[in-house]
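To start, the structure itself, in structure tokens.
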Amino acid sequence: MHGSIAPEHIVIIGDSLSTGYGTSPEEAWPRLLRHELHAASVPAKITNEAQNGAGYLTLGDEDATFASQISGSVNASTDVVVLFGSDNDAGQDPAELRAALTDALGEITTLAPHARQIMIGPLTGFDALESDVAMIRDQEQAAARDAGAEFIDPVAEQWVAGPDSPLLGPDGEHPSSAGQQFLAGKIRTLLDQHRVSSTG
Numbered sequence: 020m021h022g023s024i025a026p027e028h029i030v031i032i033g034d035s036l037s038t039g040y041g042t043s044p045e046e047a048w049p050r051l052l053r054h055e056l057h058a059a060s061v062p063a064k065i066t067n068e069a070q071n072g073a074g075y076l077t078l079g080d081e082d083a084t085f086a087s088q089i090s091g092s093v094n095a096s097t098d099v100v101v102l103f104g105s106d107n108d109a110g111q112d113p114a115e116l117r118a119a120l121t122d123a124l125g126e127i128t129t130l131a132p133h134a135r136q137i138m139i140g141p142l143t144g145f146d147a148l149e150s151d152v153a154m155i156r157d158q159e160q161a162a163a164r165d166a167g168a169e170f171i172d173p174v175a176e177q178w179v180a181g182p183d184s185p186l187l188g189p190d191g192e193h194p195s196s197a198g199q200q201f202l203a204g205k206i207r208t209l210l211d212q213h214r215v216s217s218t219g
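Encoded structure:
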């Protein structure tokens, strides 16, 4: 065995749930996750490509979509890709969204054949219509299943109980500081589970 382990390269693809919107970039869960892993002596490099307003189809800041985030950041050195969101695609045609999801996961497989793909659906939508969130979640779940990616459903798992949850900020949609810490813990658990199962 080598004395040092190469850091796990994790790429975050997402929207304002992952940028620190409503709190600050320093409080965003990807930054907190980096600190947690470092404190636990888990070698990791985290690249956060998330842009406010972005979706699989919807253009966000800097005209970013999840697809453009993937093409600009994922490569053969990528070990894990976490895709989180996006209720910004509310109102889109379900078939077009499904095609965009399939393309995004396929692009990751092309750029990083060995990378683990974790797709996390949108949080419970108190701003967006529940029917929109359910449509996005259902399309993501189906695309992930077909691509062999992992799918996590924050709605079914009740990550956020309601708009008055302490995990949400004043807008009732974006994570509060406590919410960012919660997300960092949840996603770290997902990463740790795989690390244990792949080495055990």
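In the working numbering, the protein residues as written are 20 to 219.
Backbone N, C-alpha and C fix where the C-beta goes; we use that ideal spot for every residue, glycine too.
Computed from a predicted model, the values in this text were never measured in an experiment.
- Distance from the Cα of A69 is smallest, within the candidate group V61, S87, A58 and E55, for S87.
- When C-beta atoms of the stretch 96-104 are compared with those of the stretch 131-141, three or more pairs fall below 8 Å, so the two segments count as touching.
- Within the stretch 79-149, complete beta strand (DSSP E) segments of at least 3 residues are found at 99-103 and 135-139, given in chain order.
- The stretch 111-120 makes no contact with the stretch 51-58; the number of CB pairs closer than 8 Å stays below 3.
- The residue among T42, W178 and K64 with its C-alpha nearest the C-alpha of I31 is K64.
- The C-beta distance from H193 to L78 rounds to 19 Å, too long to fall under 8 Å, and the pair is not in contact.
- Contact between the stretch 158-167 and the stretch 115-135 is present: three or more C-beta pairs spanning the two stretches fall below 8 Å.
- Judged by beta-carbon spacing, I171 lies within the 8 Å limit of L209, meaning their Cβ atoms are closer than that value.
- Each residue's CA atom was taken as its position, placing A180 and L124 some 29 Å apart.
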